[in-house]
Amino acid sequence: MAPLLEARGVVKRFGGLFAVRDVDLAIEAGEIVGLIGPNGAGKTTLFAVLSGFLRPEDGEVRFDGRSVVGLAPEELSRFGLCRTFQLVKPFGNMTVLQNVMVGAFLRLSSPSNAAREAERILEFTGMTHLRDVLAKTLPVELRKRLEVARTLATHPRLLLLDEVMAGLNPTEIKGMLDLLLTLHREGITLFIIEHVMAVIMSLCQRILVLHHGEKIAEGSPGEIARHPRVVQAYLGEEYLLA
Amino acid sequence: MMAMRDWGPRAALVVVLALVPLTTSNNYYMDIIVQVFMWGGAATAWNIVGGYAGQFSLGHAAFFGIGAYTSSLLFIAFGLSPWIGMLAGGALSALFALIIGYLSVRLRGPFFTLATIALAEVLQILAIYWRGLTGGGSGLLVPFTPGVAAFMFESKRTYAYVGLGFLLATLAVVHLIERSRVGYYLVAIREEEDAARALGVRVLRLKLLAIVISAFFTSLIGTFYAQYTLWVEPPYAFSLELSIQFALMVIIGGLGTWVGPLLGAALITPLNPFQRAWLGAAASGLYLVFYGLVLVLVVLFMRQGIAVETRLAFRRWVTLRRRLASG
Amino acid sequence: MIYVQLVVSGLLLGGVYALISIGLTLIFGVLRVVNFAHGEFLMVGMFAAYWLFQLWQIPVYLSALVMLPAFALFGYLVYRLVIRRTMGQGDAVQIFATVGIGVILQNAALVLWTGDFRTIRSAYADAIWRVGGVQVSVPLLVAFIVAVAVTGLLFLFLNRTMEGKAIRAVVQDPIAAMAMAINLDRIYLWTFTIGTCCVGLAGILLAPNYPIFPAIGISFGLVSFVVVVLGGLGSMVGALLGGLIIGLVEVFSGFFIATDLKQAFYFLVFVLVLVLRPQGLFGQRGAEMVGFGRLV
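Chains as they are written, first to last, in numbering that gives the first Met the number 0: chain A, 0 to 241; chain B, 0 to 326; chain C, 0 to 295.
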């Protein structure tokens with residue numbers, strides 16, 4: 000069966016600088032795959048290319064067998080490819096419920112149906128008590144949870160999660176981890192950028208490592224932790240390895 | 000800001016508005032009422048693009064002018080009822096909005112604003128240049144032949160009710176938008192455009208839709224203006240000053256709120272000495288200095304507009320009193 | 000022969016436009032603020048030159064020196080009182096605060112000095128050189144030379160001095176600049192003040208050549224936006240070249256098509272640039288602000 004997401008030879012350049020250089024990847028439906036690398040490795044840029052926010056200079060991207068290079072994010076979300084942002088972007092002046100409704104409106108056109116679906120999602124993600132709270136008053140952890148809930152309302156098949164654990168304390172991380180596992184159980188494929196190594200190592204079945212825009216390693220968490228090039232790339236950075 | 004329970008207060012407001020023209024027979028005050036309704040309607044139309052979608056157009060005078068001129072020219076040249084001319088103007092404005100929109104909708108923030116200014120300026124320049132058609136710098140006079148079909152009335156009160164009709168129409172449209180998918184999408188675009196795109200919102204299309212709807216209604220009110228003042232001139236009807244006026248009213252009253260634009264219009268219009276032409280340019284200049292000052296102050300210190308800020312201030316005062324009373 | 004005259008006139012006019020636009024592009028490049036009152040700042044400069052001449056017979060070039068500190072103070076006040084409060088507050092605030100300032104300035108001028116067209120009647124204002132059959136307006140030539148000189152000076156300033164380099168650092172990466180103990184607020188203040196002085200200076204130099212009235216700010220203001228976008232936001236060289244190009248476009252379209260429509264032409268150029276090549280000739284940074292969307 001064709002991979003859910005497939006990329007070959009993706010190149011993204013800004014002027015003379017290569018942010019992403021000749022990256023190949025394949026993600027099968029049902030996997031949880033991690034993307035790691037030192038700061039500036041090009042991870043978010045890769046996500047931006049895969050989700051349609053940036054157009055690559057070269058390379059091919061296929062979602063569910065269909066070529067999607069050059070398609071806008073709003074079209075990709077219709078196919079089931081959705082992303083979250085490193086810097087959370089809640090719709091500040093809307094309530095939590097209304098935020099999720101915006102996501103629900105992708106598949107439903109009537110406001111009452113969208114509201115009902117949004118309520119369901121809030122319950123699923125444990126935020127029903129926050130339904131009428133204005134998003135801009137939420138603390139970081141809840142904003143992140145809201146962002147995940149919002150994308151969930153679009154019924155995605157593949158979720159690109161960009162540092163969804165950043166800024167969370169250990170309890171909050173555990174909460175988010177549980178949420179992600181629940182999503183995975185529901186059949187959603189996850190592709191995750193993360194710096195919190197403990198999370199990546201325990202959550203992901205497979206990990207890709209990016210450095211200076213190039214893929215330098217790919218494998219199981221165990222293999223990656225021992226991989227010489229990976230260890231070398233992280234020397235000089237303060238990271239907790241496993 | 001988008002509560003579904005607003006039926007009651009809104010219906011009450013509509014009733015109050017319907018009674019307002021009955022409160023006076025004085026022509027001077029009636030004129031103010033007509034203007035408040037007229038500018039309130041135009042401001043409400045602008046709010047669709049500026050307040051809900053968060054795209055600050057300063058070129059809306061283009062649509063206003065198209066509306067005013069189309070109906071007037073068709074009436075003068077062919078005797079066509081301005082009611083029909085109004086719809087023709089609306090269609091033309093919608094078309095122009097599609098063009099302006101298509102060119103500028105990819106632009107963000109101040110660049111969108113600049114593009115709208117530039118495009119409206121082009122229209123103003125053309126309007127003055129084609130003086131055979133538009134009367135050039137001195138404008139066009141619409142001959143006063145009262146009658147329903149001619150969209151001209153003897154009584155100012157009738158004008159007030161017609162103007163109210165237009166205002167209510169735009170308010171109704173905004174009300175419908177607010178509670179529909181389009182409304183949610185527009186606010187999402189305003190709040191975080193990229194996040195909206197990631198959730199499947201077709202941003203460009205929606206911005207375009209907002210501009211076209213807004214342009215259509217602005218144009219209708221342009222026709223009303225022409226039929227009321229019976230005089231249209233490019234230096235005013237297509238002017239940047241007019242475009243700024245629409246924005247100013249909405250900002251003062253409350254961007255993205257249903258009642259904000261009308262409130263802003265009600266606060267600004269009665270102070271306008273343009274009516275008192277005999278005071279001369281100096282007076283109108285002074286009024287506009289005040290206007291500009293209010294704009295800067297509101298935007299820096301009362302960001303959500305007077306409607307929301309007073310409600311918030313009132314709530315704070317109530318909480319404070321309660322706290323003091325319970326000691 | 001007529002072509003040579005048109006080119007010369009176009010370049011001289013272009014020099015003027017460049018001078019007006021340099022301040023705008025600098026302010027945008029560093030503060031990321033689009034100053035909608037830019038044209039009105041120019042108008043104030045023009046009136047300053049007019050009144051100094053009218054009341055005390057101060058020649059234009061002396062006015063420039065006298066007014067420089069006044070413009071710096073003006074820039075300082077506008078920055079401290081208004082601009083600083085608009086930064087990071089979103090589009091509505093930034094756009095309408097500066098629009099408001101423009102409205103205040105234009106109408107204050109209207110109240111104080113009426114809408115009458117005023118001109119500086121001096122021998123210098125009407126001076127024309129005749130070089131080989133081509134007419135060159137002396138004041139415009141001077142403005143052109145000053146434009147080039149100012150661009151050069153700013154270029155040196157930005158590349159050779161500590162302050163200038165600090166400014167460039169802020170343009171590249173405000174957060175990194177802060178980490179290096181560069182005081183952002185001071186940089187913004189300096190930049191805004193320098194930019195204001197530039198446009199004030201432009202006003203004084205142009206005063207001999209144009210009728211002076213409150214609404215003149217609007218048309219010059221709009222042209223400067225066209226020039227800045229064409230040249231590339233934040234680029235000094237871009238402002239210079241953009242100005243020259245627009246000057247030529249205006250003169251040629253005015254001659255070959257219709258004088259009344261020449262403004263319409265450069266507005267169309269403006270929209271085309273925004274749509275087809277938002278980063279203009281030399282800008283890179285501008286593009287993502289103008290419309291290519293943010294990355295993260």
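By construction, the Cβ of each residue, glycine as well, lies at the ideal position given by its N, Cα and C atoms.
- Unbroken alpha helix (DSSP H) stretches of 4 residues or longer found wholly inside the segment 235 to 273 of chain B: 239 to 252, 259 to 267, given in chain order.
- Excluding five sequence positions before and after V228 of chain C, the CB atoms of its chain that fall closer than 7 angstroms to its own CB belong to F269, V272, L273, G279, given in chain order.
- If you ignore the 5 residues before and after A142 of chain C, its C-beta comes within less than 7 angstroms of the C-beta of G14, V15, L18, L204, L205, all in its own chain and listed in chain order.
- At a cut-off of 9 angstroms, the C-beta of V186 of chain B has no neighbouring C-beta in chain C.
- Contacts with chain B at 9 angstroms (Cβ-Cβ) include M100 of chain A.
- Three or more beta-carbon pairs drawn from the segment 185 to 199 of chain C and the segment 59 to 71 of chain C are found closer than 8 angstroms, and the two stretches are therefore classed as touching.
- Residue environment: M301 of chain B is assigned as buried (16 or more neighbouring CB atoms within 10 Å of its CB, all protein chains considered).
- Boundaries cannot be given for H226 of chain A, as no alpha helix (DSSP H) includes it and DSSP labels it neither H nor E.
- If you check the CB distance, G28 of chain C and T195 of chain C do not come in under 9 angstroms.
- In this structure S92 of chain B is buried. Its beta-carbon is surrounded by 16 or more other beta-carbon atoms within 10 angstroms.
- In the three-state reduction of the DSSP assignment, V67 of chain A falls in the coil class.
- In the same chain as L53 of chain A, and ignoring 5 residues on each side of it, the C-beta atoms closer than 8 angstroms to its own belong to K11, T44, A47, in chain order.
- Apart from sequence neighbours up to five positions away, the residues of its chain that approach L207 of chain B with a beta-carbon distance below 6 angstroms are G100, V104, ordered along the chain.
- Pairing L188 of chain C with V77 of chain C, the inter-Cα distance amounts to about 10 angstroms.
- Going by DSSP, L4 of chain A is part of the beta strand (DSSP E) stretching over 4 to 13.
- Taken atom to atom, the span from the alpha-carbon of N158 of chain C to that of K164 of chain C is near 6 angstroms.
- Contact note: G199 of chain B reaches chain A through E73, S76, R77, L105, T153, using a C-beta cutoff of 7 angstroms and chain order.
- When DSSP reads this structure, I26 of chain A sits in a beta bridge with A:L4.
- DSSP places K261 of chain C in the uninterrupted alpha helix (DSSP H) bounded by 261 to 275.
- At least 9 angstroms separates the CB of T44 of chain A from every CB of chain B.
- In this structure, L158 of chain A sits away from V95 of chain A, with a CB-CB distance that is not shorter than 9 angstroms.
- When DSSP reads this structure, M151 of chain B sits in a beta bridge with B:G146.
- Boundaries of the beta strand (DSSP E) harbouring G33 of chain A: 31 to 35, taken from the DSSP string.
- The beta carbon of Y227 of chain B lies closer than 6 angstroms to those of Y158 in the same chain, with the five residues before and after it left out.
- Our two residues, F150 of chain B and V13 of chain B, have alpha carbons roughly 23 angstroms apart in a direct line.
- Taking C-beta atoms as the reference points, G40 of chain B and F216 of chain B count as a pair closer than 9 angstroms.
- Its chain contains V3, Q4, V7 as the residues whose beta carbon lies nearer than 6 angstroms to that of V133 of chain C, once the 5 sequence neighbours on both sides are disregarded; these appear in chain order.
- Assignment of R129 of chain C by DSSP, reduced to helix, strand and coil, places it in the strand class.
- Secondary-structure assignment with DSSP links W230 of chain B through a beta bridge to B:L140.
- Of all residues in the segment 87 to 120 of chain B, the ones placed with a Cβ closer than 8 angstroms to any Cβ belonging to chain C are L102, S103, R105, L106, R107, G108, P109, F110, T112, L113, A114, I116, A117, L118, E120, in chain order.
- Annotation note: the segment 140 to 219 of chain C contains no uninterrupted beta strand (DSSP E) run of length 3 or greater.
- Q278 of chain C has no beta-bridge partner at all, per DSSP.
- If the five residues before and after G242 of chain C are omitted, its C-beta is found closer than 6 angstroms to the C-beta atoms of G13, Y16, A17, S20, V226, all from its own chain and listed in chain order.
- Linking W128 of chain C to G41 of chain A through their CA atoms gives a straight-line distance of about 59 angstroms.
- With contact defined as three or more Cβ pairs closer than 8 angstroms, the segment 185 to 198 of chain B and the segment 63 to 81 of chain A are in contact.
- Not one beta carbon of chain A lies nearer than 9 angstroms to the beta carbon of E308 of chain B.
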